[in-house]
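Line by line, the protein sequences give chains A and B. Quick note on UniProt numbering: the first sequence kicks off at 1 and runs consecutively. Quick note on UniProt numbering: the second sequence kicks off at 1 and runs consecutively. We treat Cβ as the ideally placed atom computed from N, Cα and C, and that holds for glycine. Taking it in order: structure first as structure tokens, then the write-up.
Number of protein chains: 2
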Amino acid sequence: MTADALVDEVLAALPPDRVLLDPDVVATFLHDEAEWAPHGRAAAVVRPRSTAEVAAVVRACARHGRPLVPRGAGTGLSGGANAVDGCVVLSTERMREIVEINSDERLAVVQPGVVNDDLRAAVAVHGLWYPPDPASSPWSTIGGNVATNAGGLCCVKYGVTRDYVLALEVVTAAGEVVRVGRRTAKGVAGYDLAGLMVGSEGTLGVITEVTVRLRPLRTGTPRTVVGFFDTLAAAGDAVARVTARGLQPSAFELIDKVCLQAVNTWKHAGLPENAAALLLAQTDLPEPAAGQEAAAIHAEFAAGARDAMASTDATEAEALFDARRLAYPALEQRGEAMLTEDVCLPRGRLAEMLGRVEEIAARHDVLIANIAHAGDGNLHPLLLTPHGDEPAKLRAQAAFEEIVAAALALGGTVTGEHGVGLLKIPGMRAELGPEVLAMQRAVKQALDPQGILNPGKVVG
Amino acid sequence: MTADALVDEVLAALPPDRVLLDPDVVATFLHDEAEWAPHGRAAAVVRPRSTAEVAAVVRACARHGRPLVPRGAGTGLSGGANAVDGCVVLSTERMREIVEINSDERLAVVQPGVVNDDLRAAVAVHGLWYPPDPASSPWSTIGGNVATNAGGLCCVKYGVTRDYVLALEVVTAAGEVVRVGRRTAKGVAGYDLAGLMVGSEGTLGVITEVTVRLRPLRTGTPRTVVGFFDTLAAAGDAVARVTARGLQPSAFELIDKVCLQAVNTWKHAGLPENAAALLLAQTDLPEPAAGQEAAAIHAEFAAGARDAMASTDATEAEALFDARRLAYPALEQRGEAMLTEDVCLPRGRLAEMLGRVEEIAARHDVLIANIAHAGDGNLHPLLLTPHGDEPAKLRAQAAFEEIVAAALALGGTVTGEHGVGLLKIPGMRAELGPEVLAMQRAVKQALDPQGILNPGKVVG
């Protein structure tokens, strides 16, 4: 018996290895990777192995009116998985079975704890492809990807996680196990509750199984085009020109000098550091169309770049895309506190927004590194401050808020793919306005009347 | 002054030409094209020209606690726009302004009454393409397409209406004007209320403006592959083989002999009638990849067809696709009552389902014509009975119900793209089960607590 009747009930309902109570161990489950987002203390961490075990935990929380905070790998960047005081944290890390891979229907069924890259590798064996590829794909889980509607490099041509979710098994706030969505290519039977669950950050139900749509595996070697730009704004202009011309790169990324330097320092990668920003575009059309599209992208890059080149060297191209993927962990190696932005702009305002970010960084004396899914207008300014430097932290927070405000002023959104979590609640309020917020809260109230599912997230 | 205080209030709020009260005129607005779906009598029909006028009508209905039934062109096939007694029917037919076409952002903003084909033509001038193409596209409106999440021929490769809705302006049940969604390529600020509105058939809000995502206009001539099959099941098998092989036709349709005969009779089209079913596939890849994909599709057709051929003759191909588009109106010319099915199956079960449809038709002695978005597994068995033949009508209704049950038994859904409306409410209940239905009703209750918006539709 513990001093907590909820914990006693959870211990009685699950095999003992499912429940973690040691405070030092519990402490490692209390927050995601969003620096500076607050978190509380959990009563327990549970690591169920089955839907039935998840349902038992939710029912126990419901009976006691206590909060449940679901989490995947904890790679989130908005505080969406952060514990609240007295909650049970439910980690899906042990629910990692790939239940089905079906070539005839082009779908897979997985438990939520399956790691993104593991799913991609497993379906590739069957000639199939799961496109959503957040930079966290070596670690993040499909359940977490669905809960946050994760994006990635492929989105610019192939869409985000929502576009690949066919059906979900969900444990409701009452602890009932339901299935929403379908296994067919199309379907309109009732409101799209599966779509509503995507991006709801565990506030409307706990996802216990995911049916994803797949594409045929891509074949052939993509062509890569690189441009080196003297200013972020010039790079932003090139992105706008490529889009306006009707080109459709399969990846279209921006990396700035600070990021390139960090990757070089960490990995001795020998990447070029002599430009303010690098644009990386890839085309995966069948040849010779790929060559034509690459030439067109090259022409638009060359019109504003210091230097631009097209490449068919897969190794060289992969090294550059690795630099993009490694930028975030490389910056973490600097040992500084990092606040990650995620604003998304209309593509035509990208150059202007990048200019504002530079101006905000200078005015607040904050080092800001920039990576971006440029083709989507999705910017990730990364605000870096030395650990323990409180004045720098305050300046960074002020800069963070100004970036959010600038994105809204330019017709953008406060979060393109990381989610609202805790960090973007004020921004989301400003973006949506009181009437839409009231609708959001009404939906939350309808599906979680007690407010036990990840309270305080998304709708605040 | 009329005898109805609500009508008086609407008359006072709107310019006089917006309100129709003549019973003969009102009678033409009381139902869509779903034969046999019941409808009630409306108190008035309003045809507002602006969002403010829509809001005034909704507020009047809210004050009087009276139902409001929105409609587009009335081309629906499930009774979703059918009047209920005492309602105000709100037709969006006069809200047909194309507000913005933006090449830089690849989006358009339109009022809900803009006709689908008109939008497609308008954006093509700017080198852009709006893919969703329901067979009703010459008449149906974007607002209606969004309200029903309309599909069409392009869905098999390019997705349905939901995949193209970026943002909506909506008048809520309380008469407030809100904006949901965004203008950016990506965004996760709050629950996806725009996605929730798509397919909600006017039961959660009245759509007054739609921001759609566009693609670059396709160039080049697609290649067409045709197969003639001796049985529907053999055609279904060919569809499954094409999908399992990882091919991605940009249209993939089935037309049966009854439909071909009807088009020939109506349009003297000279289409081949010597096979049970025709499969039509198109590929729009850039050459030479299109040639390779067409050859692969041809091989799969030839493996089970009486005859198969690939064509690059655009005129010939267009004539065959016209036959697909004209099948529905051609059958209407027969002057019989027609009940339209819309089940959607896992692609691997298509042949089995087509066999069951044939068996059900024979057993109930009902003439069933079949058209299908075969590549999506979306079947439209069309049940035909002579007008006034009550026993035939009862047999057709029994066959309709058996088709729905068979689709569910094979893992399908009761409606792939036409919507629940009234006709599919029993089927939807069977498909979703009581717990998910309760969630659907909770969402409806949250956003329309008085239950005034298109009552009785979707959630019953």
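Item to check | Exposure label - Glu359(A); buried when at least 16 CB within 10 Å | outcome: Within the first sequence, numbered from 1, the residue matching residue 359(A) stands at position 359. With fewer than 16 other Cβ atoms within 10 Å, it is exposed.
Checklist entry - Where does Arg241(A) sit, in a helix, a strand or coil, going by DSSP? => result In the first sequence, residue 241(A) corresponds to position 241, counting from 1. Three-state DSSP puts Arg241(A) in a helix.
Item to check | Per DSSP, cross-strand counterpart(s) of Asp365(A) | outcome: Locating residue 365(A) in the first sequence gives position 365, where the first residue counts as 1. Asp365(A) pairs with nothing; no bridge assigned.
Next on the checklist: Cutting at 6 Å between CB atoms, please list the residues of its own chain near Gly304(B), excluding the five before and the five after it.
Outcome noted: The residue labelled residue 304(B) in the question sits at position 304 within the second sequence. Hits under 6 Å: Ala234, Asp237, Ala238.
Item to check | Where the region 382 to 406 of chain A meets chain B: residues whose CB sits under 9 Å from a CB there | outcome: none
Checklist entry - Does any residue of chain A bring its CB to less than 7 Å from the CB of Leu254(B)? => result On the second sequence, residue 254(B) is found 254 positions in, with the first residue counted as 1. Answer no: the Cβ-Cβ gap between Leu254(B) and chain A never drops below 7 Å.
Next on the checklist: Check whether the region 166 to 174 of chain B and the region 183 to 195 of chain B touch, using three or more Cβ-Cβ pairs below 8 Å as the test.
Outcome noted: yes
Item to check | Cβ contact check for the region 250 to 262 of chain A and the region 361 to 371 of chain A: 3 or more pairs under 8 Å | outcome: yes
Checklist entry - Under the rule that 16 or more other beta-carbon atoms within 10 Å means buried, what is Glu253(A), buried or exposed? => result Sequence index remark: in the first sequence, residue 253(A) carries index 253 (1-based). Burial call: buried.
Checklist entry - Among Arg223(B), Thr283(B), Val226(B), Phe229(B), which has the Cα closest to the Cα of Ser250(B)? => result As a first step, residue 250(B) must be located in the second sequence, where it is residue number 250. For Ser250(B), the nearest C-alpha among the options comes from Thr283(B).
Next on the checklist: So within the region 24 to 56 of chain A, which uninterrupted beta strand (DSSP E) runs reach at least 3 residues, ignoring any that extend past its ends?
Outcome noted: 42 to 46
Item to check | Which listed residue (Met1(A), Glu341(A), Val242(A), Gly65(A)) has its alpha carbon closest to that of Val156(A) | outcome: Mapped onto the first sequence, residue 156(A) falls at position 156. Looking at the Cα atoms, Val242(A) is the closest of the given residues.
Item to check | Neighbour list for Val178(B) in chain A, Cβ cutoff strictly below 8 Å | outcome: The residue labelled residue 178(B) in the question sits at position 178 within the second sequence. Neighbours of Val178(B) on chain A, chain order: Gly433, Glu435, Val436, Met439.
Item to check | Three-state secondary structure (DSSP) of Asn116(B) | outcome: Walking along the second sequence from the start, residue 116(B) turns up at place 116. In this structure, Asn116(B) counts as helix in the three-state DSSP scheme.
Checklist entry - Is DSSP giving Leu77(B) helix, strand or coil here? => result Taking the first residue of the second sequence as 1, we reach residue 77(B) at position 77. Correct three-state label for Leu77(B): coil.
Item to check | Proximal chain B residues relative to Val458(A), where beta-carbon distance stays under 8 Å | outcome: Stepping through the first sequence from its first residue, residue 458(A) is reached at position 458. Gly190, Tyr191, listed in chain order.
Item to check | Cut-off 6 Å between Cβ atoms - residues of its own chain near Asp85(A), not counting five sequence neighbours on either side | outcome: For the purposes of this step, residue 85(A) is taken as the residue at position 85 of the first sequence. Taken in chain order, the residues that qualify are Gly40, Arg41.
Checklist entry - Within 7 Å (strictly less), CB to CB, does Ser311(A) reach chain B? => result Within the first sequence, numbered from 1, the residue matching residue 311(A) stands at position 311. Not an interface residue.
Next on the checklist: Just verifying my parser: in three-state terms, what is the DSSP assignment at Thr161(B)?
Outcome noted: On the second sequence, residue 161(B) is found 161 positions in, with the first residue counted as 1. Note: Thr161(B) maps to helix in three-state DSSP.
Checklist entry - How about Met95(A) and Gly76(A): do their beta carbons lie closer than 7 Å? => result Position 95 of the first sequence, counting from 1, holds the residue named residue 95(A). Position 76 of the first sequence, counting from 1, holds the residue named residue 76(A). In this structure, Gly76(A) does not lie closer than 7 Å to Met95(A) by Cβ.
Checklist entry - With distances taken from CA atoms, which of Val45(B), Pro16(B), Val10(B), Ala34(B) is nearest Ala27(B)? => result The sequence position of residue 27(B) within the second sequence is 27, counting from 1. That would be Val45(B), whose Cα lies nearest to the Cα of Ala27(B).
Checklist entry - Starting from Met1(B) and walking both ways along the alpha helix (DSSP H), at which residues does that stretch end? => result Mapped onto the second sequence, residue 1(B) falls at position 1. Here Met1(B) belongs to no alpha helix (DSSP H), and DSSP marks it neither H nor E.
Next on the checklist: Considering Cα atoms alone, identify which of Leu232(B), Glu402(B), Glu100(B), Pro132(B) is closest to Ala374(B).
Outcome noted: On the second sequence, residue 374(B) is found 374 positions in, with the first residue counted as 1. Closest by alpha carbon: Leu232(B).
Next on the checklist: Looking only at its chain, what residues have a beta carbon closer than 8 Å to the beta carbon of Ala5(B), apart from the 5 residues adjacent to it on each side?
Outcome noted: As a working note, residue 5(B) is residue 5 in the second sequence. Only His64 meet the Cβ criterion.
Item to check | Spatial distance of Ser91(B) from Ala73(B) (CA atoms) | outcome: For the purposes of this step, residue 91(B) is taken as the residue at position 91 of the second sequence. For the purposes of this step, residue 73(B) is taken as the residue at position 73 of the second sequence. Looking at the two C-alpha atoms, the distance is approximately 8 Å.
Item to check | Contact check, Ala337(A) vs Thr385(A), beta carbons under 7 Å | outcome: Here residue 337(A) corresponds to residue number 337 of the first sequence, with the count starting at 1. Here residue 385(A) corresponds to residue number 385 of the first sequence, with the count starting at 1. The answer is yes: Cβ separation under 7 Å.
Checklist entry - Quick check: the region 399 to 406 of chain B against the region 125 to 145 of chain B, are there 3 or more CB pairs under 8 Å? => result no
Next on the checklist: Give me the DSSP bridge partner(s) of Leu6(B).
Outcome noted: In the second sequence, counting from the first residue as 1, residue 6(B) sits at position 6. Answer by DSSP bridge pairing: none, since Leu6(B) is not bridged.
Item to check | When Gln261(B), Asp17(B), Asp104(B), Gly291(B) are compared against Ala277(B), the one with the closest alpha-carbon | outcome: If you number the second sequence from 1, residue 277(B) lands on position 277. When only C-alpha atoms are compared, the closest one is Gln261(B).
Next on the checklist: Can you find the residues in the same chain that come closer than 7 Å, C-beta to C-beta, to Glu273(B), ignoring five residues on each side of it along the sequence?
Outcome noted: Here residue 273(B) corresponds to residue number 273 of the second sequence, with the count starting at 1. Excluding positions up to five away in sequence, the list reads Lys257, Leu260, Gln261, Asn264.
Checklist entry - Taking Leu383(B) as the reference, which of Gly377(B), Asp376(B), Arg395(B) has the closest Cα? => result Start at 1 with the first residue of the second sequence, and residue 383(B) comes out as number 383. Checked all of Gly377(B), Asp376(B), Arg395(B); the closest Cα to Leu383(B) is Arg395(B).
Checklist entry - Contact between the region 345 to 355 of chain A and the region 304 to 321 of chain A: three or more CB pairs below 8 Å? => result no
Next on the checklist: Let me check one thing: in DSSP terms, what residues is Glu97(B) bridge-paired to?
Outcome noted: As a position in the second sequence, residue 97(B) is number 97, starting the count at 1. Answer is none; Glu97(B) lacks a bridge partner.
Checklist entry - Among Ala323(B), Ala294(B), Arg218(B), Leu279(B), which has the Cα closest to the Cα of Ala269(B)? => result In the second sequence, counting from the first residue as 1, residue 269(B) sits at position 269. Residue Ala323(B) is the option with its Cα nearest to Ala269(B).
Checklist entry - Is the beta carbon of Ile297(B) less than 7 Å from the beta carbon of Ala281(B)? => result Position 297 of the second sequence, counting from 1, holds the residue named residue 297(B). Position 281 of the second sequence, counting from 1, holds the residue named residue 281(B). Cβ distance < 7 Å, so Ile297(B) and Ala281(B) count as in contact.
Next on the checklist: Mapping the DSSP letters down to three states, classify Cys344(A) as helix, strand or coil.
Outcome noted: Residue 344(A) sits at position 344 when you count from the first residue of the first sequence. Looking at Cys344(A) - three-state DSSP - the assignment turns out to be strand.
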